[in-house]
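As they're listed, the protein sequences go chains R and P.
When the count follows my numbering, it moves up by one through the first sequence with no breaks and lands on 1106 for the last residue.
When the count follows my numbering, it moves up by one through the second sequence with no breaks and lands on 1106 for the last residue.
Note that CB positions come from ideal geometry on N, CA and C, so glycine has one too.
All of these numbers come straight from a predicted model, not from anything done at the bench.
Before any comments, here is the structure.
Number of protein chains: 2
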Amino acid sequence: MPPKPKTEAERQQLRTLIIDAARELFVARGVEAVTMREIAKRIDYSATSIYLHFADKEAVLRAILDVDMLALAKRLNTILQISDAVERMQALGFAYAEFALSFPNHYRLMFMAERTPCDPEKSSLQKNNAEQDSYFLLKTVVNDVYLAGRFRAELQDVDLIAQTIWAGIHGVCSLEINMARDKWVNWAEISARLQLMQTVLIRGLLREPT
Amino acid sequence: MPPKPKTEAERQQLRTLIIDAARELFVARGVEAVTMREIAKRIDYSATSIYLHFADKEAVLRAILDVDMLALAKRLNTILQISDAVERMQALGFAYAEFALSFPNHYRLMFMAERTPCDPEKSSLQKNNAEQDSYFLLKTVVNDVYLAGRFRAELQDVDLIAQTIWAGIHGVCSLEINMARDKWVNWAEISARLQLMQTVLIRGLLREPT
DNA sequence: AACATTTACTTAACGGTGTTAATTTAACGG
DNA sequence: CCGTTAAATTAACACCGTTAAGTAAATGTT
């Protein structure tokens, strides 16, 4: 039974209703496995109604990722209360990994699934705002360590350092998410793998005296 | 026009014809985007003929991965000619990354795409044979470094060390493959990222003197 | 030599997909 | 009070993976 006029607030409400239903299903069973009809059923609408709010399935996914990137950034920002720069950097790695391993399907959507590249222009998130942009937060945290003169002398590119740390932690998490059920490899405990990666990153990047 | 009898060799030939056509398409455009009808057209058969040789699309993919895992192992084995254990270990990392970055869609199928876990029972590859099992090759190479007493004293688990190296290299490669087109991040050169990861791994894992 | 059987393959068809077009229903502005 | 418009629906399209049913050629048996 379709009534007519809808305030902008109501439209937005329905948008987030769709996003939340879709996320729950995507996370539980993967994007490809979930149908538009299924998402619609979940919120008692017809499948075609979704197209009044999103261009296509991909657009629903993008909207979800935008919201979740913000959630990740918010979560990671809690480490800013740590005063020591190096400790803060390590804590960021652990917080990131905790997110990835707590919500593996989430993480897969965000950082492992094939997708069209994310354009800052088209995102609702503000780039270079640490509260919304997790990469910028990482860069900031790395930069603090850099300014404290704790990195090895030859390491002068903060982006390069940040990307190496990201790669290390992401490597551990993504292998865990994708391959850890594989019987082929005799996997060590994920906590041990994560801890060793952190240690290796710190030892490999910081100056010798502690 | 269907003739009747086919030798086992001919059956096998058709199997690899299907595999090769499917791989080419999968690698070019991703598994989901390629249809069975398309694979069939490529080799001038009807779509249903594929089902005479494979249970379903997933089975075609598995067969491809089996072949390609072997190809990767073969490629990586060339590093065994290097005599120094530490150099050999580094060379393995570079060779692995070269494979991943040269055949990104291949690599995605093998190590990044969601898939049912790989069971050694059902694979044609021999586990713990360095010529076919790349993880075993890595473990062997790591073990040589271990036996040479080059790792830090507290590192006693060869699997853990191997998995950390794998995670580091995989992290660099998978971020490159999935995210490097992303305008959000100011990416450093991939060669610099790979080199720094190698350096960090070596510094983080090996004993101090050299 | 004739014929039933088996094999390799094809076309037809099924249920389901993302998406678009056409249609209905309800509230608003005049 | 009625046409317009917005929100929703149902119908429909082209295509997907897969299965069922059908067809043609080589074989083994008689």
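- Neighbours of R:M1008 across chain P, judged by C-beta separation under 7 Å: M1008, N1074.
- The stretch 986 to 1014 of chain P is shown to contain whole alpha helix (DSSP H) runs of 4 or more residues at 1000 to 1003, in chain order.
- A residue is called buried when at least 16 other Cβ atoms come within 10 angstroms of its Cβ; R:T974 does not meet this threshold and is exposed.
- Secondary structure at P:F922: helix, using DSSP grouped into helix, strand and coil.
- Under DSSP, P:F1047 forms a beta bridge with P:L1102.
- By the CB criterion at 8 Å, P:P1016 and P:K1023 fall inside the cutoff.
- Ranked by Cα distance from P:K937, the first of P:Q977, P:L966, P:A918, P:E904 is P:A918.
- A contact between stretches requires three or more CB pairs, one per stretch, nearer than 8 Å, and the stretch 1091 to 1099 of chain R fails this requirement with the stretch 906 to 922 of chain P.
- Inside the stretch 1039 to 1100 of chain R, DSSP marks whole alpha helix (DSSP H) runs of 4 or more residues at positions 1054 to 1075, from first to last along the chain.
- Exclusion of the five residues before and after P:L1101 leaves F1047, R1048, L1051, I1057, T1060, I1061 as the residues of its chain whose Cβ lies within less than 8 Å of its Cβ.
- Pairing P:L957 with R:N1025, the inter-Cα distance amounts to about 42 Å.
- Of the candidates R:K1018, R:S1087, R:D980, R:G1064, R:K1018 places its Cα closest to the Cα of R:L961.
- Among the CB atoms of chain P, none fall inside 8 Å of the CB of R:V1037.
- In the DSSP annotation of this structure, the continuous segment of the alpha helix (DSSP H) that includes P:V956 starts and ends at 953 to 972.
- A direct Cα-Cα distance of roughly 19 Å separates P:T931 from R:V930.
- A direct Cα-Cα distance of roughly 21 Å separates R:V1038 from R:A967.
- The beta carbons of R:L997 and R:E1072 sit about 7 Å from each other, so the pair counts as a contact at 8 Å.
- Contact between P:F1007 and R:N1074 holds: CB atoms are separated by about 7 Å, below the 8 Å threshold.
- Rounded to whole angstroms, the Cβ separation of R:L1005 and R:F950 is 16 Å, and the two are not in contact under 8 Å.
- For P:H1066, the C-beta contacts it makes with chain R under 8 Å involve G1067, S1070, L1071, in order along the chain.
- When DSSP states are grouped into helix, strand and coil, R:D980 belongs to the coil group.
- For R:P1105, not one C-beta of chain P is nearer than 8 Å to its own C-beta.
- Taking all protein chains in view, the Cβ of R:R1089 is crowded by 16 or more other Cβ atoms within 10 Å, so the residue is classified as buried.
- Under the 8 Å criterion on CB atoms, P:R1089 is classed as interfacial with respect to chain R.
- Rounded to whole angstroms, the Cβ separation of R:A981 and R:V1041 is 5 Å, and the two are in contact under 8 Å.
- Proximity of chain R to P:Y1031 at the Cβ level (cut-off 8 Å) is accounted for by W1080, V1081, in chain order.
- Boundaries of the alpha helix (DSSP H) harbouring R:E934: 932 to 938, taken from the DSSP string.
- Within the stretch 926 to 946 of chain P, G926, E928 place their CB atoms closer than 7 Å to a CB of chain R, listed in sequence order.
- Proximity of chain P to R:Q1059 at the Cβ level (cut-off 8 Å) is accounted for by L1071, V1081, W1083, A1084, R1089, in chain order.
- Under the DSSP assignment, P:S945 falls in the alpha helix (DSSP H) whose first and last residues are 943 to 946.
- Neighbourhood of R:M1093 in chain P, by CB distance below 8 Å: T1060, A1063, G1064, in chain order.
- Taking 8 Å as the upper bound on Cβ-Cβ separation, chain R lies near no residue of the stretch 945 to 962 of chain P.
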